[in-house]
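Engineer:
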Amino acid sequence: MYRYLGDKHTDSALKGGLCEAMRQQNGKCIRGKNGSMLVRFLDLPYPTVVIGRLLRKVNPEDKLAHQK
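Using numbering that gives the first Met the number 0, read the sequence shown as starting at 0 and increasing by one per residue.
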């Protein structure tokens, strides 16, 4: 589980949003050669490509606090 920080060009609906990494068959995250990463935001039904260095891992306790 990750939190997307975003930048000045990011849609405000995605800034600070929680997302999960889309994974390959072998369990590795899908990353691009330019550092991008394919994720699925919890609020969106479709996968999105984001800048990987703007993602931050979220502790499981923080995830549960966000859902309440």
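All residues carry an ideal CB built from backbone N, CA and C; glycine is no exception.
Keep in mind it's a predicted model, so treat the numbers as computed, not measured.
Are ARG2 and VAL48 touching if we call contact CB-CB under 9 Å?
Structural biologist: To locate residue 2, count along the sequence shown from 1; it is residue 3. To locate residue 48, count along the sequence shown from 1; it is residue 49. Contact: no.
Engineer: Rounded to whole angstroms, what is the Cα-Cα separation between ARG22 and CYS28?
Structural biologist: The residue you call residue 22 lines up with position 23 of the sequence shown. The residue you call residue 28 lines up with position 29 of the sequence shown. Going from the Cα of ARG22 to the Cα of CYS28 covers about 4 Å.
Engineer: Would DSSP call LEU4 helix, strand or coil?
Structural biologist: Numbered from 1 along the sequence shown, position 5 holds the residue referred to as residue 4. It is coil, neither helix nor strand.
Engineer: Give me the residue from ASN25, CYS18, GLY51, HIS8 with the minimum Cα distance to PRO44.
Structural biologist: Taking the sequence shown and counting its residues from 1, one reaches residue 44 at position 45. Of the listed residues, the one whose Cα sits closest to PRO44 is CYS18.
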